[in-house]
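Since the structure comes first, as structure tokens, the remarks are kept for the end.
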Amino acid sequence: MKCCDPRDHHFGSKHAERDLARYQKQGPDRTTQILLDSIRGQDLRNATLLDIGAGLGVIHHELLQDTCSSATHIDLSSAYNDVAAKESVRRGHRERVEFIQGDIAEYEGTLESHDIVTLDRVVCCYPDYRGMLSTAVEKCGRVFAMSYPRNRWFVHLAMGIENLKRKTNGDPFRSFVHSPQEIRQIPESHGLRRQSVVRTPFWQIELYTR
Ligand SMILES: C[S@@+](CC[C@H](N)C(=O)[O-])C[C@H]1O[C@@H](n2cnc3c(N)ncnc32)[C@H](O)[C@@H]1O
140 MKCCDPRDHH FGSKHAERDL ARYQKQGPDR TTQILLDSIR GQDLRNATLL DIGAGLGVIH
200 HELLQDTCSS ATHIDLSSAY NDVAAKESVR RGHRERVEFI QGDIAEYEGT LESHDIVTLD
260 RVVCCYPDYR GMLSTAVEKC GRVFAMSYPR NRWFVHLAMG IENLKRKTNG DPFRSFVHSP
320 QEIRQIPESH GLRRQSVVRT PFWQIELYTR
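For the sequence shown, our numbering assigns the number 140 to the initial residue and increments by one for each residue that follows.
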């Protein structure tokens with residue numbers, strides 16, 4: 140099952156509007172800010188960005204200010220795409236962003252390679268994330284950055300409680316914790332080298348270069 144069937148309410152317009160209001164007030168949250176800082180540490184200019192599972196589009200809203208000249212935003216959720224496009228208009232960079240609503244798996248044959256590819260909190264949407272991660276790294280020309288939940292007992296516990304609440308509320312979305320060693324194998328087997336790892340209590344943020 141796709142994590143975000145448009146009929147699901149987990150990535151619907153209520154959540155999207157709430158997340159946008161929070162972003163407009165507080166800026167990127169901590170995990171995304173760490174990911175942005177690690178990308179900015181590579182000192183790229185006029186780069187192209189592919190953000191997979193882009194949600195609100197925070198990564199391109201930020202990197203179009205100093206690092207990227209254009210961005211491709213792909214997300215399954217039409218609600219998040221609409222809100223992200225609205226924010227792009229407000230920030231004056233709408234014409235530099237291509238919005239694609241759909242499953243990355245359907246675009247793997249047509250999407251071009253981009254300098255930077257990001258996957259912020261998306262591999263945890265699936266029990267089997269391997270195909271999505273392989274596509275992401277195949278499309279990466281220079282820098283690949285991702286975040287995913289840490290494989291710690293308290294993360295499993297917190298996610299288990301969240302998944303139980305979703306089940307009780309009739310929300311079909313579930314999140315998953317994966318082995319960092321297995322995740323790491325995919326970019327490295329595609330010729331990328333891990334340059335940095337930052338851990339918060341809940342998330343692991345990694346940057347790779349080609
Ligand atoms: C937990 S949210 C993360 C959003 C954003 N990257 C962030 O960190 O704030 C996961 C996002 O991935 C999108 N998504 C999940 N599977 C996808 C797929 N196969 N193709 C495209 N987008 C996907 C969902 O619609 C959702 O917006």
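Idealized CB from N, CA, C, for every residue including glycine.
Owing to the predicted nature of the structure, the values given are computational and were not obtained by experimental measurement.
Any non-hydrogen atom of ligand 3 within 7 Å of residue i CB
{"i": "arginine 260", "result": "No copy of ligand 3 appears in this structure; the ligands present are ligand 1."}
DSSP three-state assignment for residue i, whether helix, strand or coil
{"i": "phenylalanine 238", "result": "strand"}
{"i": "phenylalanine 315", "result": "coil"}
{"i": "histidine 212", "result": "strand"}
{"i": "aspartate 350", "result": "Outside the displayed span of the chain (140 to 349) sits residue 350, for which this structure offers no information."}
{"i": "proline 288", "result": "strand"}
{"i": "glycine 299", "result": "helix"}
{"i": "asparagine 308", "result": "coil"}
{"i": "aspartate 221", "result": "helix"}
{"i": "leucine 195", "result": "coil"}
{"i": "isoleucine 247", "result": "The sequence shown places glutamate at residue 247, not isoleucine. Looking at glutamate 247 - three-state DSSP - the assignment turns out to be coil, as it is neither helix nor strand."}
{"i": "histidine 232", "result": "coil"}
{"i": "proline 326", "result": "helix"}
{"i": "glutamine 163", "result": "helix"}
{"i": "glycine 151", "result": "coil"}
{"i": "aspartate 158", "result": "helix"}
{"i": "glutamine 181", "result": "coil"}
{"i": "serine 252", "result": "coil"}
Nearest-angstrom Cβ-Cβ length linking residue i and residue j, presumed shorter than 8 Å
{"i": "arginine 184", "j": "threonine 170", "result": "Going by Cβ atoms, the distance from arginine 184 to threonine 170 rounds to 25 Å, so no, they are not a contact pair."}
{"i": "isoleucine 178", "j": "leucine 215", "result": "Going by Cβ atoms, the distance from isoleucine 178 to leucine 215 rounds to 23 Å, so no, they are not a contact pair."}
{"i": "threonine 257", "j": "aspartate 190", "result": "5 Å"}
{"i": "phenylalanine 150", "j": "alanine 218", "result": "6 Å"}
{"i": "tyrosine 268", "j": "histidine 317", "result": "6 Å"}
DSSP bridge partner residues for residue i (one or two, in chain order)
{"i": "threonine 348", "result": "Val282 and Arg332"}
{"i": "arginine 338", "result": "Gln343"}
{"i": "threonine 257", "result": "Asp190 and Ala284"}
{"i": "cysteine 207", "result": "Ala186"}
Pick from the options that is closest to residue i, judged by C-alpha positions
{"i": "tyrosine 162", "options": "Val316, Ile322 and Glu226", "result": "Glu226"}
{"i": "valine 276", "options": "Phe341, Ala223, Thr348 and Asp214", "result": "Thr348"}
{"i": "glycine 233", "options": "Ala244, Ser217, Ser208 and Leu250", "result": "Per the sequence shown, the amino acid found at residue 233 is arginine instead of glycine. Ranking the options by Cα distance to arginine 233, first place goes to Ser208."}
{"i": "leucine 331", "options": "Asn290, Glu345 and Asn220", "result": "Glu345"}
{"i": "aspartate 158", "options": "Ile173, Thr187, Ala193 and Asp182", "result": "Ala193"}
{"i": "valine 261", "options": "Val337, Thr307, Glu251 and Ile213", "result": "Ile213"}
{"i": "glutamine 343", "options": "Pro266, Asp259, Glu327 and Asp310", "result": "Asp259"}
{"i": "cysteine 264", "options": "Ile325, Pro288, Thr274 and Ala155", "result": "Pro288"}
{"i": "glutamine 204", "options": "Gly270, Tyr219, Val236 and Val222", "result": "Val236"}
{"i": "phenylalanine 238", "options": "Cys279, Gly196 and Ala160", "result": "Gly196"}
{"i": "valine 336", "options": "Pro319, Ile325, Gln165 and Asp267", "result": "Pro319"}
{"i": "alanine 224", "options": "Glu301, Glu156, Arg291 and Gln334", "result": "Glu156"}
{"i": "cysteine 279", "options": "Val316, Ile325, Phe293 and Leu303", "result": "Ile325"}
{"i": "arginine 230", "options": "Asp254, His200 and Asp182", "result": "His200"}
{"i": "threonine 187", "options": "Arg281, Ser217 and Met285", "result": "Arg281"}
{"i": "serine 286", "options": "Lys164, Leu175, Lys153 and Ala160", "result": "Leu175"}
{"i": "valine 294", "options": "Gly309, Thr307, Phe315 and Leu303", "result": "Phe315"}
{"i": "aspartate 254", "options": "Ile300, Gln181, Gln334 and Arg338", "result": "Gln181"}
{"i": "alanine 284", "options": "Gly166, Val222, Ile322 and Asp242", "result": "Ile322"}
{"i": "isoleucine 198", "options": "Glu245, Lys306 and Gln172", "result": "Gln172"}
{"i": "alanine 297", "options": "Pro340, Asn220 and Asn308", "result": "Pro340"}
{"i": "arginine 291", "options": "Arg338, Gly270, Arg313 and Val222", "result": "Arg338"}
{"i": "aspartate 242", "options": "Gly270, Gly166 and Val222", "result": "Gly270"}
Chain C contact for residue i (CB, 8 Å cutoff)
{"i": "isoleucine 325", "result": "Structure shown: chain C not included; a single protein chain is present."}
When the Cβ atoms of the segment 244-252 are set against those of the segment 267-275, are three or more pairs found closer than 8 Å? Cβ pair count under 8 Å is three or more, so yes.
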